[in-house]
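Have a look at the structure below, then the notes.
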Amino acid sequence: MSQMNINDNRISVPPELTDILLEFTVNVLVEKPIDILSYAVNYFTKLHTERQRNGTKDVELEFENDAVTSDDDDIFEELPKPLNRFTRRKSVFAEHYDPEEDEDDDNNKVIYPKSDEQRKQLAEAVKNILLFRSLDQEQVQELLDAMFEKKVHGGDVVIRQGDDGDYFYVIQSGTYNIHVDTDQENDKFVGKYENTGSFGELALMYNQPRAATIKAVSEGSLWAMSRQVFRKIVLKGAFKKRKEYESLLEGVPMLQSLNLFERMNLCDALMPKSYKNGEIIIKQGEVGDGMYFVEKGTVRIVMVNESGEEKELSKLNKGQYFGELALVTHKPRAASAYAVGDDVKLACMYF
């Protein structure tokens with residue numbers, strides 16, 4: 001049987017499906033419902049009802065990309081107003097950015113000076129945010145470099161509910177109140193930040209309206225970063241990492257038979273991990289749970305014989321790999337692997 005051509009079997013995803021699912025995801029992240037299933041039923045029921053009421057197409061989207069002059073104001077007066085928070089929002093998607101079209105130029109990197117203490121505070125503030133947890137250390141440092149300081153005074157509105165989100169903020173100092181407009185009460189106080197915390201992280205991915213208003217109660221200082229900078233650093237880093245991983249996989253004989261689609265899936269499955277000098281990566285005798293590719297640094301492979309003597313078998317450098325026998329034999333590790341140097345980076349594939 002001839003090999004199937006992957007280009008002839010691509011699944012076509014309707015554009016509206018992506019739009020609807022992304023809009024639903026954003027609402028879940030903002031509203032944080034306890035019962036997501038019930039929330040989904042309510043969300044899509046209301047969306048379907050509004051669609052039927054407004055026609056099969058979303059009237060708001062029909063005019064979104066059309067140039068409208070002042071003479072057309074009467075058209076919009078006839079359109080139904082949004083009924084509730086489930087109405088489709090405008091400009092949810094972030095701007096287009098193609099990392100292939102962006103040439104590498106370290107001289108154009110945006111760097112705002114910070115003290116060691118400030119960098120430490122920023123790193124601590126973002127480490128538990130979902131969007132930052134999947135980034136490697138190099139990307140995190142580049143993002144911290146790109147954050148700039150913004151001074152505020154008491155009474156300043158940092159972000160306003162309903163406005164388009166375009167910046168993410170980390171608090172360096174000051175007190176900030178959180179207010180939300182609800183159906184029952186306008187400008188309702190729901191909490192505050194005091195000299196610590198962060199807000200606006202959804203703006204890093206989507207140009208969606210702010211879910212709350214943040215007001216400065218006192219003089220303070222914030223670190224800010226724009227969505228465009230975040231996406232450029234993260235998407236460009238992901239693109240470069242994908243290329244590196246593709247190159248690593250191409251050098252593994254047992255993976256040569258994989259087609260492009262299968263290799264891309266393996267690339268997505270690789271996880272970056274760093275080790276310090278002398279740290280053990282895999283231990284002889286343990287059950288194998290994955291294989292490893294050397295991205296940076298050196299790895300020492302050693303084996304302990306029956307008499308207890310340790311013997312160095314080899315040293316692996318960038319582009320080489322180890323642990324692949326666990327994919328085939330499912331037997332305990334035949335040797336141990338140790339990091340050599342304080343900056344050893346591996347791409348790990350667990351199974």
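Letter 63 of the sequence shown, counting from 1, is numbered 63 in the UniProt record's numbering, and no numbers are missing.
Even for Gly, the Cβ is constructed at its ideal location relative to N, Cα and C.
Cβ-Cβ separation, residue j to residue i (assumed contact under 8 Å), whole Å
| i | j | result |
| --- | --- | --- |
| L325 | I301 | 12 Å between Cβ atoms; not a contact. |
| M147 | Y176 | With a Cβ gap of about 17 Å, M147 and Y176 do not count as contacting. |
| E219 | G174 | 6 Å |
| I233 | E310 | No, I233 and E310 are not in contact; Cβ-Cβ is about 43 Å, not under 8 Å. |
| I129 | E185 | Incorrect: roughly 29 Å between the Cβ atoms, too far for contact. |
| A339 | K276 | 6 Å |
| V140 | A125 | Not a contact, Cβ separation roughly 11 Å. |
| H153 | A216 | 7 Å |
| I282 | G323 | 6 Å |
| Q137 | S274 | 7 Å |
| K188 | T182 | 6 Å |
Burial state of residue i, where buried means 16 or more other Cβ atoms lie within 10 Å
| i | result |
| --- | --- |
| T213 | buried |
| I178 | buried |
| K109 | exposed |
| residue 353 | Residue 353 lies beyond the stretch modelled for the chain, which goes from 1 to 351, so this question has no answer here. |
| L17 | exposed |
| F132 | buried |
| D145 | buried |
| V157 | exposed |
| S314 | exposed |
| Q121 | buried |
| Q52 | exposed |
| K151 | exposed |
| P209 | buried |
| L336 | With the sequence shown as reference, residue 336 is identified as Ser, and Leu is not the correct amino acid for it. The residue is buried, with at least 16 neighbouring Cβ atoms inside 10 Å. |
| V304 | exposed |
| V190 | exposed |
| I36 | exposed |
| V229 | buried |
| F293 | buried |
| I159 | buried |
| L260 | exposed |
| L21 | exposed |
| V344 | buried |
Beta bridge counterpart(s) of residue i as assigned by DSSP
| i | result |
| --- | --- |
| M271 | C348 |
| L222 | K150 and I171 |
| G237 | Its beta-bridge partners do not exist; DSSP assigns none. |
| E194 | T175 |
| D164 | P209 |
| Y321 | F293 |
| R51 | None; R51 has no bridge partner. |
| F199 | Y169 |
| R300 | K315 and Y338 |
| A216 | Y176 |
| P332 | V287 |
| F189 | H179 |
Where residue i falls: helix, strand or coil (DSSP)
| i | result |
| --- | --- |
| A125 | helix |
| V340 | strand |
| P253 | helix |
| N42 | helix |
| S307 | coil |
| E64 | Note that E64 scores 37 on pLDDT, short of 50, meaning its location in the model is unreliable; the coordinates nonetheless yield the value given after this. Of the three classes helix, strand and coil, the one that applies to E64 here is coil, per DSSP. |
| R263 | helix |
| K109 | coil |
| V158 | strand |
| V140 | helix |
| E286 | coil |
| I280 | strand |
| E312 | strand |
| V184 | It is Gln, not Val, that sits at residue 184 in the sequence shown. Here Q184 sits in coil by DSSP. |
| K243 | helix |
| L248 | helix |
| L17 | helix |
Check whether residue i and residue j have beta carbons under 9 Å apart
| i | j | result |
| --- | --- | --- |
| M254 | V328 | yes |
| D268 | R227 | no |
| V180 | A211 | yes |
| P272 | E246 | no |
| Y206 | I171 | no |
| G278 | C348 | no |
| K331 | G288 | yes |
| L248 | L270 | yes |
| S198 | F168 | yes |
| R242 | M264 | yes |
| L135 | G285 | no |
| Q256 | E262 | no |
| Q224 | E149 | Note that residue 224 is Ala in the sequence shown here, rather than Gln. Contact: yes. |
Beta carbon proximity, residue i to chain D, threshold 9 Å
| i | result |
| --- | --- |
| E244 | Judged by its chain identifiers, the structure shown contains no chain D, having just a single protein chain. |
beta-carbon residue i near the ligand MN non-hydrogen atom, thresh 8 Å
| i | result |
| --- | --- |
| D156 | You won't find the ligand MN in this model; it holds no ligand whatsoever. |
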